[in-house]
């Protein structure tokens, strides 16, 4: 029997595995408000075809700058009003939810997968490998994501794919730095030493012992970073380097209404409110996950 198979899989790790959180006690109640907001926007994004009251790109200059329904000049045909081209604002906010959430989730998954891999390798091998990878990580973290996206927009052209790539190229370094720090701590503990003595390969130690003990941290960081990515994507779209028109994106919708804030405040207000609610909900959920999954806080 190979020596590697003698490594006990039930070695007690220093941190509880993902999903092993204890029963919720005082201060550990589920964040129902955050989950409700996130779940609502996810449902809206998934069912945009059904929930949208109109084509988000359909124009009607006769209906331009129609105020929300509660205004005296409003109409039920456009519940949240219309923009300068007469496009239904509710429909554009609904479709913008799909764009923003897709950009946030895809970017974070791509960045976290690559960043976690770099952090695991750097923390395990240390030495020259660690030094080389961390210098690349430091250089990446020093590069402004807005500037990189603007460069891509000028050279290749603004698009959904370019936005995801531009943000992920910068964001992976944060995951690498956090995971590497945690792996360095894990490498000094007894259960890793026992695995090495038993003849476990580097691949087995990384995938079976180090990675599971970093998942809690990754989940918390991913949750917090989704809100950050949504803000960055909205900023890029606001500057014209993000999702190109006429595709509805919350950032570009805010930009379209910035010249009409005093006369048609609703054009920028509702997409801005959507960004506020989603980002706040993800941040609150991330804080709750951090408090719940952190073993140091479980006895509090």
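Numbering (the numbering used here), first residue to last: 20 to 319. In this text, a Cβ means the ideal position worked out from N, Cα and C, and glycines have one as well.
As assigned by DSSP and simplified to three states, the class of residue i
i	result
residue 213	helix
residue 74	coil
residue 55	helix
residue 278	helix
residue 149	helix
residue 94	strand
residue 160	helix
residue 174	helix
residue 272	helix
residue 89	coil
residue 305	helix
residue 252	helix
residue 206	coil
residue 84	coil
residue 187	helix
residue 48	coil
residue 291	helix
residue 165	helix
residue 125	helix
residue 225	helix
residue 120	helix
One or two residues paired with residue i in a DSSP bridge
i	result
residue 107	101
Presumed contact (8 Å Cβ cut-off) between residue i and residue j, rounded CB distance
i	j	result
residue 255	residue 165	7 Å
residue 261	residue 199	Residue 261 to residue 199, Cβ: 30 Å. No contact.
residue 104	residue 83	6 Å
residue 152	residue 140	7 Å
residue 123	residue 249	5 Å
residue 253	residue 270	3 Å
residue 168	residue 185	4 Å
residue 138	residue 194	6 Å
residue 304	residue 54	7 Å
residue 238	residue 312	7 Å
residue 175	residue 181	6 Å
residue 236	residue 201	6 Å
Residue i and residue j closer than 8 Å at C-beta
i	j	result
residue 116	residue 64	yes
residue 205	residue 229	yes
residue 97	residue 90	no
residue 240	residue 197	yes
residue 57	residue 300	yes
residue 183	residue 125	yes
residue 120	residue 61	yes
residue 273	residue 282	no
residue 267	residue 86	no
residue 161	residue 110	no
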